[in-house]
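Trainee: Counting from 1, one number per residue, gives the positions in the sequence shown under full-length UniProt numbering. Virtual Cβ for every residue (Gly too), placed ideally from N, Cα, C. None of the values given here were measured: they were computed from a predicted structure. Below is one structure. I have some questions about it.
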Amino acid sequence: MMIDIKTPTNAVLFAMQSRGEGVLLQFDQVTYQLGVTLSELSAIRVESNYWVTRGAAITLQTLSNSHALQRWLSQNDYVWQVGSHTLYDASGVIYGVLNVSPESFYNGEFVSTKVDTMVSRAGEMLTLGADVIEVGGQTTKPGYVELTTTEEISRISPVIKGIKQRFPEAIIAVDTYKYEVMVMAVALGVDIINDVNGFVDDERKGPFLAKKKVGLLTMWNPRKQAVTHLQQEMHDWFAENLTILTAYGIDRRRIALDPGVGYAKNSNVHQDLAMMNTIAHLQDFRRPIMTAVANKGWAKFLLDLPKNKRADVSLIAANEMFRRGARILRVHDVQSAKQMVQVVQAISGSF
Numbered sequence: 001m002m003i004d005i006k007t008p009t010n011a012v013l014f015a016m017q018s019r020g021e022g023v024l025l026q027f028d029q030v031t032y033q034l035g036v037t038l039s040e041l042s043a044i045r046v047e048s049n050y051w052v053t054r055g056a057a058i059t060l061q062t063l064s065n066s067h068a069l070q071r072w073l074s075q076n077d078y079v080w081q082v083g084s085h086t087l088y089d090a091s092g093v094i095y096g097v098l099n100v101s102p103e104s105f106y107n108g109e110f111v112s113t114k115v116d117t118m119v120s121r122a123g124e125m126l127t128l129g130a131d132v133i134e135v136g137g138q139t140t141k142p143g144y145v146e147l148t149t150t151e152e153i154s155r156i157s158p159v160i161k162g163i164k165q166r167f168p169e170a171i172i173a174v175d176t177y178k179y180e181v182m183v184m185a186v187a188l189g190v191d192i193i194n195d196v197n198g199f200v201d202d203e204r205k206g207p208f209l210a211k212k213k214v215g216l217l218t219m220w221n222p223r224k225q226a227v228t229h230l231q232q233e234m235h236d237w238f239a240e241n242l243t244i245l246t247a248y249g250i251d252r253r254r255i256a257l258d259p260g261v262g263y264a265k266n267s268n269v270h271q272d273l274a275m276m277n278t279i280a281h282l283q284d285f286r287r288p289i290m291t292a293v294a295n296k297g298w299a300k301f302l303l304d305l306p307k308n309k310r311a312d313v314s315l316i317a318a319n320e321m322f323r324r325g326a327r328i329l330r331v332h333d334v335q336s337a338k339q340m341v342q343v344v345q346a347i348s349g350s351f
């Protein structure tokens with residue numbers, strides 16, 4: 001079902017019904033999900049006595065004068081404020097993973113314990129199109145061994161310092177759930193903190209982060225519980241989590257969401273796949289959403305693929321989640337992810 005909206009230059013914008021979840025409007029190569037049904041959209045009156053109906057042609061000026069459409073567009077253009085930087089998820093955010101941990105989910109990009117080698121690798125990812133470099137020293141894969149705070153800091157702090165020195169404009173994220181490591185990372189000038197525990201397991205985190213400007217990537221972690229109603233339980237958790245974080249005084253614009261693919265209790269591949277398929281419901285919170293599916297265990301359980309053979313299917317899964325609105329792409333292969341986004345946008349913008 002399509003609605004053509006003709007501009008003076010004959011470019012075609014279109015909206016289509018999305019399985020009862022609302023209307024998708026594509027504008028300037030960006031797809032927005034509107035909180036209305038197709039019939040409701042058809043009933044919106046705009047200026048010049050035009051009605052938006054199936055197949056109705058209106059001008060770009062008419063579209064810009066529709067306050068209702070303007071409001072929906074602004075609501076779905078998600079901005080992530082991270083330190084002194086602003087990220088826009090509409091065109092995709094490439095999150096390049098630099099694992100300092102040799103025990104991680106996937107260590108194909110783990111090249112050395114030498115700081116200069118890792119810093120050079122960060123530079124390569126930036127050149128290939130990474131918007132963010134994520135530094136992680138503590139793996140959280142199933143059955144992981146917890147490092148001491150001192151061990152984790154000793155792993156990542158030299159790398160952070162090296163990146164800051166050689167690439168001062170780089171946006172750096174640190175993946176940690178330890179309060180003391182967060183304090184160290186913020187002191188070194190990182191821009192984003194990722195927390196697999198959603199920043200709510202230690203009462204010191206909220207007040208500390210409220211006084212800073214770093215971006216927060218908060219993750220739903222169902223590993224310690226059995227999930228019976230996936231979509232509802234995830235939605236409820238994020239609603240409560242955002243309430244808690246904003247109550248500390250943390251601006252919502254600083255927060256992005258990670259659904260936690262790969263963190264299911266007992267490595268439940270069916271839960272991971274369902275999570276990927278239904279991710280669009282998190283757009284209710286109007287915050288950027290992360291796609292973190294690269295090289296994780298679901299590919300082994302589904303296709304019996306070893307870690308070094310999961311790149312292609314990881315990209316397919318990332319594309320599906322990207323199309324559903326999860327546009328922060330946490331990847332090991334930056335170049336392929338960047339190319340994927342370019343192809344998706346080129347196709348979306350063609351008519």
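I'd like the span of the alpha helix (DSSP H) that includes R166, first residue to last.
Mentor: 149-166
Trainee: DSSP on K224, reduced to helix/strand/coil?
Mentor: DSSP places K224 in coil when its eight states are reduced to three.
Trainee: What residues are listed by DSSP as bridge partners for M290?
Mentor: I328
Trainee: Please list the terminal residues of the continuous alpha helix (DSSP H) segment that includes Y179.
Mentor: 179-187
Trainee: If you follow the alpha helix (DSSP H) that Q335 is part of, which residue opens it and which one closes it?
Mentor: 334-348
Trainee: Cβ atoms of D258 and W298: under 9 Å apart, would you say?
Mentor: no
Trainee: Measuring alpha carbon to alpha carbon, tell me which residue in I289, L87, D333 is nearest L128.
Mentor: D333
Trainee: Is it right to say N268 is buried, meaning 16 or more other beta carbons lie within 10 angstroms of its own, or is it exposed?
Mentor: So N268 ends up on the buried side.
Trainee: Does E134 pass the burial test, meaning 16 or more other C-beta atoms within 10 Å, or should it be called exposed?
Mentor: buried
Trainee: Is it a yes or a no for the segment 114-130 touching the segment 182-201, going by three-plus beta-carbon pairs under 8 Å?
Mentor: no
Trainee: Just verifying my parser: in three-state terms, what is the DSSP assignment at N268?
Mentor: coil
Trainee: Just tell me which of W237, L216, L217, V214 has its CA closest to the CA of Q225.
Mentor: W237
Trainee: Could you give the residue range of the beta strand (DSSP E) that holds D175?
Mentor: 171-175
Trainee: Under a three-way DSSP split, which group does V261 fall into?
Mentor: Residue state, collapsed to three classes: coil.
Trainee: Give every residue of the same chain whose Cβ lies closer than 8 Å to the Cβ of L230, excluding the five residues on either side of it in the sequence, and list them in chain order.
Mentor: Q271, A274, M275, T278
Trainee: The beta strand (DSSP E) that contains E197, what's its start and end?
Mentor: Note that residue 197 is Asn in the sequence shown, not Glu. N197 -> no beta strand (DSSP E), and no H or E assigned at all.
Trainee: Would you call L282 buried or exposed, if buried means 16 or more other Cβ atoms sit within 10 Å of its Cβ?
Mentor: It is buried - the Cβ of L282 has at least 16 other Cβ atoms within 10 Å.
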